[in-house]
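*Asks:*
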DNA sequence: GTCTATAAAGGGATAGAC
DNA sequence: GTCTATCCCTTTATAGAC
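Chains as they are written, first to last, in our numbering: chain Y, 25 to 223; chain Z, 25 to 223.
1) Determine, for residue 215 of chain Z, whether the minimum Cβ-Cβ distance to residues of chain Y falls below 7 Å.
2) Closest to residue 156 of chain Y by C-alpha separation, out of Y:81, Y:59, Y:170, Y:179, would be which residue?
3) Beta-carbon separation of residue 192 of chain Y and residue 119 of chain Y under 7 Å?
4) Beta carbons nearer than 8 Å to chain Z: which residues of the segment 64–80 of chain Y have them?
5) Between Y:108, Y:90, Y:167, which lies nearest to residue 129 of chain Y when the distance is taken from Cα to Cα?
6) From residue 40 of chain Z to residue 65 of chain Y, what does the alpha carbon distance come to, in whole angstroms?
7) Check whether the Cβ atoms of residue 49 of chain Y and residue 69 of chain Y sit closer than 7 Å, and answer yes or no.
8) Measure from the alpha carbon of residue 194 of chain Y to the alpha carbon of each residue in Z:168, Z:163, Z:43, then state which is nearest.
9) Checking 7 Å against the spacing of the C-beta atoms, do residue 180 of chain Z and residue 115 of chain Z come in under that value?
10) Name the chain Z residues whose beta carbon is nearer than 8 Å to that of residue 157 of chain Y?
11) How many angstroms separate the CA atom of residue 92 of chain Z from the CA atom of residue 196 of chain Y?
12) Between residue 126 of chain Z and chain Y, is there a C-beta pair that is closer than 7 Å?
13) I'd like to know whether the C-beta of residue 175 of chain Z is nearer than 7 Å to at least one C-beta of chain Y.
14) Just the Cα atoms here: how many angstroms apart are residue 123 of chain Y and residue 151 of chain Y?
15) DSSP three-state label for residue 136 of chain Z, please.
16) Let me see if you follow: with CB-CB separation under 7 Å, is residue 153 of chain Z close to chain Y or not?
17) If you reduce the DSSP assignment to three classes, tell me which class residue 63 of chain Z lands in.
18) Find the residues of chain Z that neighbour residue 130 of chain Y, judging by a C-beta separation of less than 8 Å, and give them in chain order.
19) Check this for me: beta carbons of residue 162 of chain Z and residue 218 of chain Y, under 7 Å apart or not?
20) Which residues of chain Y have a Cβ atom closer than 8 Å to the Cβ of residue 50 of chain Z, listed in chain order?
21) If we ignore side chains and look at the alpha-carbon of each, how far apart do residue 58 of chain Z and residue 67 of chain Z end up?
22) Could you list which residues in chain Z have their beta carbon closer than 7 Å to that of residue 178 of chain Y, in chain order?
23) Report buried or exposed for residue 178 of chain Y, applying the criterion of at least 16 other Cβ atoms within 10 angstroms of its Cβ.
24) Leaving aside the five residues before and after residue 109 of chain Y along the sequence, list all residues of the same chain whose C-beta is less than 7 Å from its C-beta, in chain order.
25) With 7 Å set as the bound, which would you pick, yes or no: does the beta-carbon of residue 121 of chain Y sit closer than that to a beta-carbon of chain Z?
26) For residue 201 of chain Z, which option in Z:117, Z:216, Z:175 has the closest C-alpha, if you only look at C-alpha atoms?
27) Where does residue 151 of chain Y sit, in a helix, a strand or coil, going by DSSP?
28) Counting C-beta neighbours from all protein chains within 10 Å, is the total for residue 216 of chain Z 16 or more, i.e. buried, or is it exposed?
29) Any C-beta of chain Z sitting closer than 7 Å to the C-beta of residue 60 of chain Y?
30) Does residue 207 of chain Y come within less than 7 Å of chain Z when only Cβ atoms are used?
31) Which of the three DSSP states is assigned to residue 168 of chain Y in this structure?
32) Using 8 Å for Cβ pairs, my map puts residue 87 of chain Y next to residue 144 of chain Y. What's the rounded Cβ distance?
33) Do we get a CB-CB distance below 7 Å when we pair residue 35 of chain Y with the residues of chain Z?
34) Is it buried or exposed, residue 139 of chain Y, if we count other Cβ atoms within 10 angstroms and call 16 or more buried?
Below, the structure is given as structure tokens:
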């Protein structure tokens, strides 16, 4: 910001990701993108043929960054319970620190056509989700691993998804926004169910 | 559709709800709304002063409809386990049959300003969420009821949220899209945790 | 590689006839 | 209560100077 510009294209993408994440494809104009970058709208067309391509490339950049993060969780070869613990805490921290990824993903799931969704699934989630399924099969052999994976991911993502409205819901305290607290809660609920004993 | 039009304003709202749910506020134009209703764009301004008001009224209609549905779950005075069972199955069926509500809610959480979010929380969720908190306190006195409620809601909503991309995720089978299957899975996971025995 | 200028289309909204 | 016609602004995208 304010420095010299060695790689304008990369800078455009970095600037654009949070704009699309927060306001959606139709909610952001090329002029607004240009202004955020610090150039004129016409200059964007030197780097990208049209708005749609700019959006797709911003998506790809945002998703590739997080696909790398996610696969980290399974590099460690420890006990399944520890791997689940590590996975949940890791994901909570990632989603908590930067919500662009989950916002873009949500919008894609709502707006994206079949081709884009299939690409997203194959290139970003496929390996990660496969690993989760295997972990679920180890931890809960009597449950359907696909449903299990979705339930775990759903809890994590939803807890951060509702951050903007959470303060207005009954029983809220600022503790409920902290990644560590949420991670502990989810881990506890998963291992013990409602019939808790250890917390 | 094609019949006579006794109450155009109500018909506009009904037609508009799925448009805004699927494409978002910025993604739908007044001309497109008018075309879907079967009138000209100028006629919309006889019923609503501007696009923003039309959107708010469509939101209010969609939300009030489902706020009524949701409070049904707690009318029955039975054992807590049965109330949870009923709540989960009921919510799954509602969200499964009509996804406009959850899509609009998602978009509001992402796009809405603080005032709109506070209204949404107070007028739609407050009572329902309060009841959920009390139920959670009965079922799992050692868990934080607010986090517990969010975890339960999150699982339910997320399972249907990802419907468009689910077929591309590993381990998918068409069974995983059925409301009853999902409800059973969630109920089972909540009561037993990962260490399942009964399924 | 960025700019100014501009074309072409679509957006929200209003006036006034019927 | 709906229509046609229109205003004015914003949008995407291109052309061509620098």
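Glycine included, each C-beta is placed from N, C-alpha and C at the ideal position. Owing to the predicted nature of the structure, the values given are computational and were not obtained by experimental measurement.
*Replies:* So, from the data block:
1) Output row for residue 215 of chain Z: interface = yes.
2) The shortest C-alpha separation from residue 156 of chain Y is found at Y:170.
3) No, the Cβ-Cβ distance between residue 192 of chain Y and residue 119 of chain Y is not below 7 Å.
4) For the segment 64–80 of chain Y, the set of positions with a beta-carbon nearer than 8 Å to some beta-carbon of chain Z is empty.
5) Considering only alpha carbons, the answer is Y:90.
6) Straight through space, the alpha carbons of residue 65 of chain Y and residue 40 of chain Z are spaced by roughly 33 Å.
7) Their beta carbons are not under 7 Å apart, which means residue 49 of chain Y does not touch residue 69 of chain Y by this criterion.
8) Comparing Cα-Cα distances from residue 194 of chain Y to each of Z:168, Z:163, Z:43, the minimum goes to Z:168.
9) The answer is yes: Cβ separation under 7 Å.
10) Residue 157 of chain Y reaches chain Z at 194, 195, counting residues in chain order whose Cβ is nearer than 8 Å.
11) Here the alpha carbon of residue 92 of chain Z sits roughly 23 Å from the alpha carbon of residue 196 of chain Y.
12) Not flagged as an interface residue toward chain Y: residue 126 of chain Z, since no C-beta distance is shorter than 7 Å.
13) So, interface residue.
14) Going by the C-alpha atoms only, they are around 22 Å apart.
15) Three-state result, residue 136 of chain Z: coil.
16) Among the CB atoms of chain Y, one or more fall inside 7 Å of the CB of residue 153 of chain Z.
17) In the three-state DSSP reduction, residue 63 of chain Z falls in the coil class, being neither helix nor strand.
18) Chain Z residues near residue 130 of chain Y: 130, 134, 185.
19) Going by C-beta atoms, residue 162 of chain Z is not nearer than 7 Å to residue 218 of chain Y.
20) Those within 8 Å of residue 50 of chain Z in chain Y are 47, 48, 50, 51.
21) Distance between the alpha carbons of residue 58 of chain Z and residue 67 of chain Z is about 8 Å.
22) Result: 178, 179, 182, 183.
23) It is buried - the Cβ of residue 178 of chain Y has at least 16 other Cβ atoms within 10 Å.
24) Listed in chain order, the non-local C-beta contacts of residue 109 of chain Y below 7 Å within the same chain comprise 211, local neighbours out to five positions each way being set aside.
25) No, residue 121 of chain Y lies away from the interface with chain Z (no Cβ there is under 7 Å from its Cβ).
26) Of the listed residues, the one whose Cα sits closest to residue 201 of chain Z is Z:117.
27) Three-state DSSP puts residue 151 of chain Y in a helix.
28) Buried.
29) Interface criterion not met: the Cβ of residue 60 of chain Y is under 7 Å from no Cβ in chain Z.
30) Any Cβ of chain Z closer than 7 Å to the Cβ of residue 207 of chain Y would place that residue at the interface, and such an atom is absent.
31) Residue 168 of chain Y falls in the coil class under three-state DSSP.
32) So it is a contact: roughly 7 Å between Cβ atoms.
33) Look at residue 35 of chain Y: its C-beta is not under 7 Å from any C-beta on chain Z.
34) Its Cβ having fewer than 16 others within 10 Å, residue 139 of chain Y is exposed.
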